[in-house]
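First up is the structure itself, then whatever we jot down about it.
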Amino acid sequence: MLDIQLFRHNIEETAALLLKKGYQLDIDKFNQIEQTRKSLQNEQQALQASRNKLSKEVGDLKRNKQDANSHLEELNIISENLKNVTDQFNSIYEEQKQLLSEMPNIASKDVPNGKDEHDNIEVKKHGEINPLNKESLDHVKIGESLGLYLSEEATKIAQSRFIVLKDKLARIHRGLAQMMLDIHVNEHGYTEYYVPQLVNLKAMYGTGQLPKFSDDQFILNDDNLALIPTAEVPLTNLVSDKILKADELPLKMVSHSACFRREAGSYGRDTRGMIRQHQFDKVEMVQIVDPLNGLDALNEMVSHAENILKALDLPYRVVELCTGDLGFSAFKTYDLEVWLPSQKTYREISSCSLCTDFQARRIKARYKNKAGDTNLVYTLNGSGVAVGRAMIALLENHYDGKHIHIPSALRPYVGGKDVI
RNA sequence: GGAGAGAUGGCUGAGCGGUCGAAAGCGGCGGUCUUGAAAACCGUUAAGGGGGCAACUCCUUCCAGGGUUCGAAUCCCUGUCUCUCCGCCA
């Protein structure tokens with residue numbers, strides 16, 4: 132959620148910033164709501180003040196055994212008015228809140244302008260594109276030829292966009308997640324968490340998945356719970372309603388979880404293979420930081436994700452997302468894209484975002500600085516990295532026609548073998 | 001699933017329908033003392049919002065939502081969560 136002060140003082144400028152994120156603000160409507168809110172609130176508070184004052188006097192009179200009837204009459208009138216005004220205020224206040232909660236975060240000034248992913252800027256390339264996989268077989272062919280990739284079975288017991296992995300492939304998948312966790316914990320200073328993969332709707336609202344993107348979520352309406360689309364949701368909400376001490380920051384958390392997405396808007400995209408699934412595993416990093424350190428933390432987080440790809444010996448590039456491709460809560464985002472020989476292109480495998488105080492305001496995550504002031508924290512999240520896609524990239528880049536070559540960093544996690 | 005108890009500030013915890021935004025302790029901050037620190041002592045310290053250039057001032061908040069009342073942390077109802085006991089169970 133954006134700071135409402137942005138709309139009170141610089142609504143034109145704010146509207147322009149929102150437009151870059153693809154949100155069209157109706158300035159007149161907003162101003163009108165704001166004005167109504169203001170006058171109703173003033174009226175309500177004036178009535179409350181006189182009610183409080185008179186009620187106090189009633190107490191005094193009664194204690195002195197004096198007559199309070201004239202006060203009581205006046206109070207009846209005030210009560211009636213107050214009830215009226217309060218109803219009106221509540222409804223306009225709700226309307227304003229609803230409006231604000233559906234607005235995206237604004238982008239950093241230095242984020243490149245653009246419409247969609249084609250306007251993203253490549254900022255870095257790493258690794259040589261010279262895969263062992265000379266025929267550019269895709270992961271489905273490789274997995275099936277090994278007899279370890281069971282898509283029909285998955286469809287039988289679930290639906291399309293689910294997968295069953297068997298034996299060595301399941302082992303690689305598990306090993307990848309464990310390797311990533313160990314690197315983040317041992318080398319990058321994160322604390323590992325195990326978190327609920329169903330969360331309440333308040334938590335989903337807190338990180339920005341609701342109310343606007345309910346179509347993308349699996350929601351269990353009978354239980355008021357949702358399957359998490361990313362561990363960012365439970366991890367970030369860990370600090371909701373908290374006032375942290377300055378020296379507790381930064382908080383660096385990491386978790387391996389399954390992620391569930393309905394992929395409502397992506398019919399027909401990536402239907403082959405396990406690029407885009409309803410259920411996939413991800414190792415997620417979340418940082419809660421002092422606002423002064425937001426950008427440094429973002430750069431650091433990107434390097435943490437990069438280290439995973441380096442450890443796996445995978446060619447990748449880093450792109451900065453343009454304004455039109457930034458997520459709802461993001462202020463600035465870098466994606467890591469890994470080379471997929473079968474598609475002859477780089478595909479997203481990690482996304483690291485600085486969300487400034489956008490989520491913090493929703494979840495009331497604050498910290499007290501040395502001077503004793505209470506302020507909102509900044510939140511960041513990044514994949515470190517998507518496990519399924521890492522496995523795909525590993526298969527496609529390190530398959531020599533017969534075996535999958537295991538990078539040395541991963542070997543301890545898959546039984547020590549250098550080929551599988 | 002059944003029975004009972006509870007939810008109060010950063011934390012622990014007291015609280016009679018009005019003098020309660022709320023005792024006390026811890027913690028934080030400032031000071032005295034000290035070469036420095038600790039201890040001791042003194043002071044101070046909730047959050048959110050409205051109005052005002054400002055000094056300041058007003059409103060809201062004691063789990064959430066309703067209700068009773070001139071007035072609710074306190075009384076009533078509903079919900080959520082926590083704890084204890086019983087049942088079931090990976």
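Following the working numbering from start to finish, the first sequence increments by one per residue and tops out at 551. Even for Gly, the Cβ is constructed at its ideal location relative to N, Cα and C.
Sheet register partners of residue i (DSSP bridge)
i, result
"Thr510", "Ile419"
"Tyr477", "Trp470"
"Thr505", "Lys499"
"Phe293", "Paired residue(s): none; Phe293 is not in a bridge."
"Glu253", "Val450"
"Tyr530", "Ile535"
"Gly464", "Rather than Gly, the amino acid found at residue 464 in this sequence is Thr. Note: Thr464 sits in a beta bridge opposite Ser484."
"Leu281", "Val295"
"Ala517", "Lys413"
"Val550", "His536"
Spatial distance of residue i from residue j (CA atoms)
i, j, result
"Phe220", "Gln175", "8 Å"
"Val516", "Met416", "9 Å"
"Lys548", "Lys501", "52 Å"
"Asn251", "Leu356", "35 Å"
"Leu192", "Glu204", "14 Å"
"Ala301", "Leu507", "42 Å"
"Arg91", "His536", "Shown here, the chain extends from 132 to 551; a query on residue 91 therefore has no answer."
"Lys287", "Leu281", "10 Å"
"Glu437", "Pro243", "22 Å"
"Asp313", "Ser434", "16 Å"
"Ala146", "Ile237", "10 Å"
"Val330", "Val189", "48 Å"
"Phe161", "Ile142", "9 Å"
"Lys256", "Gln348", "33 Å"
"Gly278", "Lys297", "8 Å"
"Pro538", "Asn528", "11 Å"
"Cys453", "Glu211", "53 Å"
"Glu225", "Asn512", "29 Å"
Counted within 10 angstroms of its Cβ, other Cβ atoms place residue i as buried (16 or more) or exposed
i, result
"Pro262", "buried"
"Arg552", "Residue 552 lies beyond the range of the chain shown here (132 to 551); nothing can be said about it."
"Tyr325", "exposed"
"Ser484", "buried"
"Gln408", "buried"
"Ile273", "buried"
"Ile464", "Checking the sequence, you will find Thr at residue 464 rather than Ile. Burial call: buried."
"Arg492", "buried"
"Gln340", "buried"
"Thr476", "exposed"
"Asp488", "buried"
Reduced DSSP secondary structure (H/G/I, E/B, other) of residue i
i, result
"His409", "coil"
"Ile535", "strand"
"Arg448", "strand"
"Thr487", "coil"
"Tyr224", "helix"
"Ser239", "coil"
"Thr115", "In the structure as shown, the chain starts at 132 and stops at 551, and residue 115 therefore has no counterpart that could be examined."
"Gly399", "coil"
"Gly245", "coil"
"Val316", "helix"
Distance cut-off 7 Å: residue i Cβ against heavy atoms of the ligand MN
i, result
"Thr367", "As for the ligand MN, it is missing from this structure, which has no ligand bound."
Whole alpha helix (DSSP H) elements within the segment 319–395, 4-residue minimum: 332–338, 363–368
3 or more residues per run - each beta strand (DSSP E) lying fully within the segment 137–189: none
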